[in-house]
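Everything in the sequence shown is counted per my numbering, starting at 800 for the first residue and increasing by one.
Report on the following structure.
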Amino acid sequence: MIDDPAGPLAVQDPPSALRWDPELDGPAARPTPDAGRSRGLRGLLLSAAALTVAVVLVALVPRATGTSWAAVAGVVSGVHPLVVPGLVLLWAAGLWCYSRVLTASLPGLTRRRALLLNLSGSAVANVLPLGGAAGVALNAAMTTSWGHSRRATASFTVVSNVVDVVSKVLVAGAVLAVALLGMRATGDAPLPGLRALLVTCGVATLLVSVLVASHRASVALGRALQATAGASLRLWSRLRRIPAPRPTAVDLPAFRRETLGTLRHGWRDFTAGSLGYLLLQALLLAACLAAVGVGAAWAVVLTAFAVDRLATMLPITPSGTGFAEAGSAAVLVAGGVPASAAVAGIVLYRVLVVLLEIPVGGLALAGWLLARRSRVRAAKGA
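This is the structure:
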């Protein structure tokens, strides 16, 4: 049985930037039912558009690489059935390893509950465009219902996501650098775009390093974010013809101090969990390629993995779907892998790391909700 919270599902208050204040905003700023329905309709249209883009991009991947879905299906059908359980176990091992990052981000969180948070949040995020926000809201409600304070929950959300993004960028940059050196050592020409990706990772790493090391830089960036948020809210209000909400102050120096404190305390868990998770995912990609008969050079496989991890950070489609498949498959084809085998291996890998999380996470969330409801009914009947 999945852990059951002590109380009902908590509902988070809206951020102050979106909260109506009758004294400051005036009666005209009060949200109306019609406005809520309009926002809901726009959200559904945005979701449908993003999912359509993802489906179209995935559908076009074989054609873009010079093959067809019939050829890809023929390659996938040749995968031995006994290989699939091993791939699933490798996927599950990666999730278990990453739960160490989550427990370090929120003191008192168990590995079991960390897995539940990861799977349920991913199930939501992998279905919706910009679904990361919905996954964060769900995780926040779950952690507060387990007795964690809202401040601790907010810190957990920020720290875990910062570690996730930074680890992806750093590991992708390191992987691309190693792949480039390997290609030079073997006399192979670097893959197209490899240097540009490496420079992008380097610039991102430099910016993060400056932000972490410099108090002055964090203050300047906080002011820039504040100005950007204010301008964005004003533009949004003009487009929607509503009063502009007040932006929330960006206290980036305080955030920097809190984040650094958490990272210093749990750096071993963050490092081991993040690196272990990414290593297992790289092994999973290599195993999926081997399962469909691909024998690509290790530098090509590493480059494809780095492109996949970077593409997952694109917020346009759920988990970068469409972009990740197209980018990583293009890398493999450029590295000499037959197009049908390249697409088959990437599709098999993405089914495990993205698609499989939806039913598994949905079942985990359903079990948690049923257990919570049973506990609430028992408490009322006592």
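The beta carbon of each residue, even a glycine, is placed where N, CA and C say it ideally should be.
Treat the numbers as computed from the prediction; the structure is a model and nothing was measured.
Its chain contains L918, S921, A922 and N925 as the residues whose beta carbon lies nearer than 7 Å to that of E1156, once the 5 sequence neighbours on both sides are disregarded; these appear in chain order. Secondary structure at H947: coil, using DSSP grouped into helix, strand and coil. For S898 against L914, the beta-carbon gap comes to about 5 Å, under 8 Å, which counts as contact.
Counting of Cβ neighbours within 10 angstroms places N938 among the buried residues, the total reaching 16 or more. In the assembly as shown, V998 is an exposed residue. Its beta-carbon has fewer than 16 other beta-carbons within 10 Å. For A1095, there is no enclosing alpha helix (DSSP H), as DSSP gives it neither H nor E. The three-state reading of DSSP puts V1091 in coil, since its state is none of H, G, I, E or B.
In this structure the region 877-891 lies against the region 1141-1152, because at least three pairs of beta carbons, one per stretch, are closer than 8 Å. Each of P906, T866 and W895 was checked against the Cα of A951, and the nearest Cα belongs to P906. If you draw a straight line from the Cα of R910 to the Cα of A1090, it is about 31 Å long. For T902, the uninterrupted alpha helix (DSSP H) run begins and ends at V882 to S904, by DSSP. Burial is judged here by how many other beta carbons sit within 10 angstroms of a residue's own beta carbon; H947 has at least 16 and is buried. Straight through space, the alpha carbons of M982 and T1102 are spaced by roughly 11 Å. Under the three-state reduction of DSSP output, T1111 falls in the coil class, being neither helix nor strand. Scanning G972, H1064 and L1154 for the CA closest to the CA of L996 turns up G972. Secondary structure of S1173 (DSSP, three-state): helix.
Remark: C-beta atoms of V1093 and A1140 approach each other more closely than 7 Å. The beta carbon of G893 lies closer than 6 Å to those of Y1076, L1079 and Q1080 in the same chain, with the five residues before and after it left out. Assigned with DSSP and collapsed to three states, N917 falls in helix. Going by DSSP, S1127 is part of the alpha helix (DSSP H) stretching over F1122 to A1133. For L1147, the enclosing alpha helix (DSSP H) covers residues A1138 to R1149.
Rounded to the nearest whole angstrom, the CA to CA distance from L1062 to G1161 is 31 Å.
In the DSSP assignment, G1065 falls outside any alpha helix (DSSP H) and carries neither an H nor an E. DSSP places V875 within a helical segment (H, G or I) once states are collapsed to three. In terms of Cα proximity to A1105, the closest of G1072, A976, C1087 and G1135 is A976.
With 16 or more other Cβ atoms inside 10 Å of its own Cβ, S954 counts as buried. The C-beta separation of V1132 from V871 comes to about 13 Å, leaving the pair out of contact by the 8 Å criterion. Classified as exposed, V883 has fewer than 16 neighbouring CB atoms from the shown chains inside 10 Å of its CB. Taking the Cα positions, V965 is about 45 Å away from K1179. Your pair A1096 and G1121 does not check out as a contact, with CB atoms roughly 26 Å apart and the cut at 8 Å.
Looking from the CA of G1072, the closest CA among V1136, L1083 and T902 belongs to T902.
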